[in-house]
Amino acid sequence: MSECFKFPSELTIYEVQETFNEIKSYISDKESVSFDFSDTTEVDSAGLQLIIWVVYHSQKIGLKIDAISTNELIEKRCKKLGVGMSAPHND
-18 MSECFKFPSE
-8 LTIYEVQETF
2 NEIKSYISDK
12 ESVSFDFSDT
22 TEVDSAGLQL
32 IIWVVYHSQK
42 IGLKIDAIST
52 NELIEKRCKK
62 LGVGMSAPHN
72 D
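This is how it looks when you write it as structure tokens:
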């Protein structure tokens, strides 16, 4: 299993740029990734955009996503937008 990128407790417009830079560094030399959103308790539209980008960008560049850990807040917000948050099967 891959090393996991743990998202901060607050993922708002104030944290998105720093988190984006950390994610780019994290995925730069990986073949497989895992993301953990379980401790994220505050998220705004900028944070949701980052979450969606992370998942879709990883798929687009061919990274295998081993696991995505979420919580009720993230799942509800993504469901409202029609975005699935389970780790896809890259078979």
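The numbers in the numbering used here rise by one with no breaks, and the one at position 75 of the sequence shown is 56.
Beta carbons: idealized from backbone N, C-alpha and C, even for Gly.
{"Item": "Quick one: Cα of Cys(-15) to Cα of Asp17, how far?", "Value": "7 Å"}
{"Item": "May I ask which residues mark the beginning and end of the beta strand (DSSP E) holding Lys11?", "Value": "Here Lys11 belongs to no beta strand (DSSP E), and DSSP marks it neither H nor E."}
{"Item": "State yes or no: is the C-beta of Trp34 nearer than 8 Å to some heavy atom of the ligand MG?", "Value": "Questions concerning the ligand MG fall outside what the structure shown contains, since it holds no ligand whatsoever."}
{"Item": "If contacts are defined as beta-carbon pairs under 8 Å, then Glu12 and Ser(-10) qualify, I think. What distance do you get, rounded to the angstrom?", "Value": "Actually they do not touch by this definition, with Cβ atoms about 28 Å apart."}
{"Item": "If you follow the beta strand (DSSP E) that Ile32 is in, where does it begin and where does it stop?", "Value": "Here Ile32 belongs to no beta strand (DSSP E); instead the alpha helix (DSSP H) covers Ser26 to Lys41."}
{"Item": "Please check the pair Phe1 and Leu44, which I expect to be a contact at CB under 8 Å, by giving their CB distance rounded to whole angstroms.", "Value": "Contact doesn't hold; Cβ gap of about 16 Å is too wide."}
{"Item": "DSSP three-state label for Leu(-8), please.", "Value": "strand"}
{"Item": "Look up Ser19 in the DSSP assignment and say whether it is helix, strand or coil.", "Value": "coil"}
{"Item": "Alpha helix (DSSP H) containing Leu44: first to last residue?", "Value": "Unbroken run through Leu44: none, as it is neither H nor E."}
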